[in-house]
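Undergrad: Quick note: the sequence shown, position 93, residue 761 per our numbering, numbers continuous.
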Amino acid sequence: MPLVKKTAEGVELIPTAWTRLAEGDTLPDSGAVLVPLSLWLEQRDTLRQRAEPVGVWLASNTDTTFAAWGEALAGDLLGLPVVAIDFPVFGDGRGYSIAALLRQRHGYRGELRAIGNVLVDQVSAMARVGFDGFEVAEGTRLELLEQAWSRFGAVYQTATDGRETIWQRRAAFAAAKGTGA
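#1: Assuming SER706 and GLU720 are in contact, meaning their beta carbons sit under 8 Å apart, how far apart are those beta carbons, in whole angstroms?
#2: In its own chain, which residues sit with a C-beta less than 7 Å from the C-beta of ASP789, not counting the 5 before and 5 after it?
#3: My assumption, with CB atoms under 8 Å, is that LEU702 sits in contact with ARG688. Please give the rounded CB distance.
#4: Mind checking LEU820: buried by the 16 CB within 10 Å criterion, or exposed?
#5: So LEU726 and ASP744 are supposed to be a Cβ contact under 8 Å. How far apart are they, rounded?
#6: Please report the straight-line C-alpha distance between GLY759 and VAL791, rounded to a whole angstrom.
#7: Suppose contacts are defined by Cβ-Cβ distances below 8 Å. Is GLU710 in contact with PRO749 by that definition?
#8: Give a yes or no on whether the C-beta atoms belonging to ALA782 and PHE802 are separated by under 8 Å.
#9: Between the C-alpha atoms of ASP800 and VAL724, what's the straight-line distance to the nearest angstrom?
#10: Within a Cβ cutoff of 7 Å, which residues of the same chain sit near ALA805, ignoring the five residues on either side of it in sequence?
#11: So, under 8 Å CB-CB, ALA829 and ARG777 are touching, yes? Tell me the CB distance rounded to an integer number of Å.
#12: For LYS673, list the residues DSSP reports as bridge partners.
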């Protein structure tokens with residue numbers, strides 16, 4: 669699946685050399701890999717010593733308290749260049765919550781990648797909660813992705829993207845006019 673990112677120039681197809689391993693797959697001898705959380709937990713020390721980059725992918729049913737990572741969560745996140753979150757079906761929105769928690773509560777600053785069933789209509793909302801990489805279906809038209817990102821000029825909720833909300837705009841307008849909020 670192609671990897672797409674929004675850059676200053678617009679929406680771009682980014683070549684990726686990452687191989688995503690499924691549960692039970694054998695770790696290849698070389699190359700950048702995205703490993704399931706269970707494999708990371710089992711072989712964390714070995715994977716940290718690997719010469720090539722290692723990222724972790726999380727299933728949509730990952731415990732959002734991150735209890736499985738325990739005390740090592742902050743240290744693990746700081747060392748991971750990519751954390752991917754799987755969207756197994758269109759209607760499964762748990763990945764949005766996981767992304768927001770990783771960005772806001774746990775301070776993850778690396779690439780947060782949406783994988784699985786990623787639809788054009790979802791990328792704008794995914795970007796708002798912190799995703800910055802998207803694996804999309806072969807043949808997805810980049811101009812549709814560009815339109816999806818610019819479709820909503822105003823937002824109501826605060827999010828990790830830092831966009832000004834309608835409420836903040838109204839307050840600023842009222843303050844400038846001297847009428848209060």
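Backbone N, C-alpha and C define an ideal beta-carbon position, used for all residues, glycine too.
TA: Reading from the atomic positions:
#1: Position 38 of the sequence shown, counted from the first residue, corresponds to residue 706. Position 52 of the sequence shown, counted from the first residue, corresponds to residue 720. Rounded, the Cβ-Cβ distance is 20 Å, inconsistent with contact.
#2: Position 121 of the sequence shown, counted from the start, is the residue given in the question as residue 789. Closer than 7 Å at Cβ, skipping near neighbours: ALA816.
#3: Position 34 of the sequence shown, counted from the first residue, corresponds to residue 702. Position 20 of the sequence shown, counted from the first residue, corresponds to residue 688. That pair is a contact at about 4 Å.
#4: One-based indexing of the sequence shown puts residue 820 at position 152. Looking at the sequence provided, one finds Phe at residue 820 rather than Leu. Burial is judged here by how many other beta carbons sit within 10 angstroms of a residue's own beta carbon; PHE820 has fewer than 16 and is exposed.
#5: Counted from its first residue, the sequence shown places residue 726 at position 58. Counted from its first residue, the sequence shown places residue 744 at position 76. The beta-carbon distance between LEU726 and ASP744, rounded to whole angstroms, is 12 Å. This is too long to meet the 8 Å contact definition.
#6: The count along the sequence shown starts at 1 and reaches residue 759 at position 91. The count along the sequence shown starts at 1 and reaches residue 791 at position 123. A direct Cα-to-Cα measurement between GLY759 and VAL791 gives close to 14 Å.
#7: Position 42 of the sequence shown, counting from 1, holds the residue named residue 710. Position 81 of the sequence shown, counting from 1, holds the residue named residue 749. Contact: no.
#8: Walking along the sequence shown from the start, residue 782 turns up at place 114. Walking along the sequence shown from the start, residue 802 turns up at place 134. Taking 8 Å as the Cβ cut-off, ALA782 and PHE802 qualify as a contacting pair.
#9: Counting from 1 along the sequence shown, the entry for residue 800 is found at position 132. Counting from 1 along the sequence shown, the entry for residue 724 is found at position 56. Roughly 15 Å separates the two Cα atoms.
#10: Sequence index remark: in the sequence shown, residue 805 carries index 137 (1-based). MET669.
#11: Locating residue 829 in the sequence shown gives position 161, where the first residue counts as 1. Locating residue 777 in the sequence shown gives position 109, where the first residue counts as 1. Here residue 829 turns out to be Asp, not Ala, going by the sequence shown. Between ARG777 and ASP829 the Cβ distance is about 14 Å, and since that is not below 8 Å, they are no contact.
#12: Here residue 673 refers to the residue found at position 5 of the sequence shown. Paired residue(s): GLU680.
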